[in-house]
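Notes to accompany the following structure.
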Amino acid sequence: MISLPQGIYIGTLSLLCYNRDRGRVTFAVSFSAQTKNELARIEGSTCCRVAELAALVMFSGRFTPGGGLVVTTENAAVARKVFKALKALFGLSVRVEVRRKQRLKKNNEYLIQVENQEGLKSAQEKMALITASGRSRSGLKWDLVRRECCRRAYLRGAFLARGSVSSPRGAYHLEITVTGRKMAANLAGLMQKLGLEGRYSPRKRGWVVYIKDGEQVAGALNLMGAHAALLSFENARIYKDMRNQVNRLVNCDTANVSKTVLAGVRQEKSIRLVVERLGLENLSPPLRQVARLRLQNPEVSLRELGEMAQPPLSKSCINHRLRKLERIALCLTETQKQSGA
C-alpha cells in the first residue's frame, strides 16, 4: 500500500508509478489528458464560447426530470471550464458535485448541475439544445457554427466532452464517442467542413466519429488550438517515421548482403567444379579472369568484382560471365549423372 502526501490530486492522471530505487511516487499523464488540459485553458470570443459550451453540453450533458441540466466529466479542467462558462455567458447558478467512480479506473467524476431557474431555457435555446417549442434537439443546428472559428470551437467542445487521442508513439487515432447516428453524422460533416476526413461507425451502445491518418490527427489538433500537443505529436511522429525508415533501410541492406553472400557461395562452388573438371587454363581469358576474381573474393558484390577486373568491367558483364560459368558447371554435373547411370 502506497501512502500519498496530502494535497496531491490524481483526478486527471492516468498512470501511477512507484520507483523502488528512489522510493517515491511518480505520475504520468496520458496524451489525451494533456491535450484536454491545454484545450480547457483556451478562451475565445463570445460566439465561440457558446458553440464550445453547446458541444460540451450536447455530448456530455443530460436534462433532469425537474427541468434542470447536468454535465458530467472526469477531467477537472473541463469541469472548471463548463462551470465558468455557464456563469459568465448566461449568469446561471451552478454547483459542482464530485463523485468517486466504482468501476474501471475509479477516477473522480464531476457533475456540473444547473437546477431549473430563470434564464436556463433561454441559455438552452442560444446553445441550440432545444427548439423554440422546448423540445430537445438530437443533432447540430448549423446556424450555431456559421463561422469557421465557431466550428473549431464546437469541435473542441466535442473533444473535451467525449474525445480521446492516442499517443503518437502508437497508432494514430482520434475519436469522439456519441450516442446517436444523427449526432455522429453531424459531427463528421462538421469535420469535413473544416477539411478533416472524419468518419463514423457504430460501437456497442453508441457511435464513434474517428480520424486515423497522422496528418489528419495533426490537423485536428491544430484546428482545436492544441498547439503544444501538436508539437509533441509532430516530434514523436517524425521520430517514429525516421525510425521506421531506418529499419526499412537496414532490413533492405541485410537482405541485399545475404543475397550477395549466398550468390557468391553458389558461384564459387560452380567455379571450383569447372576448375576441377576442365582446369582453369582451358577456360577463355575473359572467363578465366572472372573465375579467379570470384575464387579470391567470394563475398563481394558484382559491382565490386567488376571494379577489381583489369580493365574494369560493368556489373552486367560480370553477371553474364558468371552465369556462363554456372551453366558450364551444370552441364558437367548432368554429364556425370548420365555417365553414372
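If you use the working numbering, the sequence shown corresponds to residues -1 to 339, in order.
Glycine included, each C-beta is placed from N, C-alpha and C at the ideal position.
Owing to the predicted nature of the structure, the values given are computational and were not obtained by experimental measurement.
ask   = Can you tell me whether DSSP reads S314 as helix, strand or coil?
value = Taking the first residue of the sequence shown as 1, we reach residue 314 at position 316. Helix.
Assigned exposure category for C148 - 16 Cβ within 10 Å defines buried = On the sequence shown, position 150 is the one that residue 148 refers to. C148 comes out buried.
ask   = Going by the beta-carbon positions, is the gap between I30 and G161 smaller than 9 Å?
value = Position 32 of the sequence shown, counted from the first residue, corresponds to residue 30. Position 163 of the sequence shown, counted from the first residue, corresponds to residue 161. It is Ser, not Ile, that sits at residue 30 in the sequence shown. Against a cut-off of 9 Å, the Cβ pair of G161 and S30 comes out as a contact.
query = Under 9 Å, do L188 and L153 count as touching if we go by C-beta distance?
reply = Residue mapping note: residue 188 aligns to position 190 of the sequence shown, counting from 1. Residue mapping note: residue 153 aligns to position 155 of the sequence shown, counting from 1. In contact: L188 and L153 (Cβ atoms closer than 9 Å).
ask   = Does the count of Cβ pairs from the segment 170 to 184 and the segment 206 to 225 closer than 8 Å reach three?
value = Taking one beta carbon from each stretch, the segment 170 to 184 and the segment 206 to 225 have 3 or more pairs nearer than 8 Å; the two touch.
inquiry  = Quick check on T24: does DSSP put it in helix, strand or coil?
reply    = By one-based count along the sequence shown, residue 24 stands at place 26. Confidence at T24 is low in this model, with a pLDDT of 37, below 50, so the placement of that residue should be treated as unreliable; the coordinate-derived value is given next. Per DSSP, reduced to three states, the secondary structure at T24 is strand.
Cross-strand partners of F61 (DSSP beta bridge) = Within the sequence shown, residue 61 is the residue found at index 63, counting from 1. Beta-bridge pairing links F61 to L67.
task = State buried or exposed for V215, treating a residue as buried only when at least 16 other CB atoms are found within 10 Å of its CB.
result = Numbered from its first residue, the sequence shown carries residue 215 at position 217. Classification of V215: buried, given that the 10 Å Cβ count is 16 or more.
ask   = Where does the unbroken alpha helix (DSSP H) through G217 begin, and where does it stop?
value = For the purposes of this step, residue 217 is identified with residue 219 of the sequence shown, where counting begins at 1. Looking at the DSSP string, the run of the alpha helix (DSSP H) that includes G217 is 212 to 222.
message = My output table needs one value for E107: the three-state DSSP class, helix, strand or coil.
response = On the sequence shown, position 109 is the one that residue 107 refers to. The answer is strand: DSSP assigns E107 an E or B state.
ask   = Helix, strand or coil: which one does DSSP assign to E173?
value = Sequence index remark: in the sequence shown, residue 173 carries index 175 (1-based). Residue state, collapsed to three classes: strand.
message = Can you tell me which residues form a DSSP beta bridge with G204?
response = The count along the sequence shown starts at 1 and reaches residue 204 at position 206. According to DSSP, G204 bridges with R201.
Beta-carbon separation (whole angstroms), L127 vs R135, contact threshold 8 Å = Taking the sequence shown and counting its residues from 1, the one referred to as residue 127 is at position 129. Taking the sequence shown and counting its residues from 1, the one referred to as residue 135 is at position 137. Right, the Cβ-Cβ distance comes to about 6 Å (below 8 Å), so this counts as a contact.
inquiry  = Would A38 and L158 be called neighbours here (beta carbons separated by less than 9 Å)?
reply    = Looking up residue 38 in the sequence shown gives position 40. Looking up residue 158 in the sequence shown gives position 160. For A38 and L158, yes; Cβs fall inside 9 Å.
query = Within 10 angstroms of its Cβ, does S58 collect 16 or more other Cβ (buried), or is it exposed?
reply = Position 60 of the sequence shown holds residue 58. With 16 or more other Cβ atoms within 10 Å, it is buried.
task = Compute the Euclidean distance between the alpha carbons of S199 and E324, then round it to the nearest angstrom.
result = Translated into the one-based positions of the sequence shown, residue 199 becomes position 201. Translated into the one-based positions of the sequence shown, residue 324 becomes position 326. Going from the Cα of S199 to the Cα of E324 covers about 60 Å.
message = Is it the case that the segment 110 to 119 contacts the segment 87 to 97, given that we only count it when at least three CB pairs across the two stretches are under 8 Å?
response = yes
query = What three-state label does DSSP hand I349 in the structure shown?
reply = Only positions -1 to 339 of the chain appear in this structure, which leaves residue 349 out of reach.
request  = Give the straight-line distance between the Cα atoms of N221 and R179, rounded to the nearest whole angstrom.
outcome  = For the purposes of this step, residue 221 is taken as residue 223 along the sequence shown, with counting starting at 1. For the purposes of this step, residue 179 is taken as residue 181 along the sequence shown, with counting starting at 1. According to the sequence provided, residue 221 is Leu. The question's Asn does not apply to it. So the two alpha carbons sit approximately 24 Å from each other.
task = Please report the residue range of the beta strand (DSSP E) in which E95 lies.
result = Stepping through the sequence shown from its first residue, residue 95 is reached at position 97. Per DSSP, E95 belongs to the beta strand (DSSP E) from 93 to 98.
key: Backbone secondary structure at V298 - three-state DSSP   = Here residue 298 refers to the residue found at position 300 when the sequence shown is read from its first residue. V298: coil per DSSP, three-state reduction.
ask   = Helix, strand or coil: how does DSSP classify S136 here?
value = What you label residue 136 is simply residue 138 of the sequence shown in a count that begins at 1. In this structure, S136 counts as coil in the three-state DSSP scheme.
query = beta strand (DSSP E) containing G155: first to last residue?
reply = Taking the sequence shown and counting its residues from 1, one reaches residue 155 at position 157. For G155, no beta strand (DSSP E) encloses it; the enclosing alpha helix (DSSP H) starts and ends at 146 to 160.
request  = Within the same chain, show all residues whose beta-carbon is closer than 7 Å to that of S337, passing over the 5 residues directly before and after it, in chain order.
outcome  = On the sequence shown, position 339 is the one that residue 337 refers to. So no residue of the chain qualifies.
query = Residues in its own chain within less than 7 Å of V76 by CB, not counting five upstream and five downstream?
reply = Mapped onto the sequence shown, residue 76 falls at position 78. The answer, listed in chain order, is K34, A38, L158.
key: Identity of the residue in A327, K322, L328, P283 nearest A307 by Cα   = Against the sequence shown, residue 307 aligns to sequence position 309. A check of alpha carbon separations from A307 across A327, K322, L328, P283 identifies P283 as the nearest.
query = Sorted by chain position, which residues of the same chain lie with C-beta nearer than 6 Å to P166's C-beta, five sequence neighbours on each side aside?
reply = Your numbering for residue 166 matches position 168 in the sequence shown. Answer for P166: F231, A234, R235, listed in chain order.
ask   = Around the Cβ of N114, are there at least 16 other Cβ atoms within 10 angstroms (buried) or fewer (exposed)?
value = The residue labelled residue 114 in the question sits at position 116 within the sequence shown. The residue is exposed, with fewer than 16 neighbouring Cβ atoms inside 10 Å.
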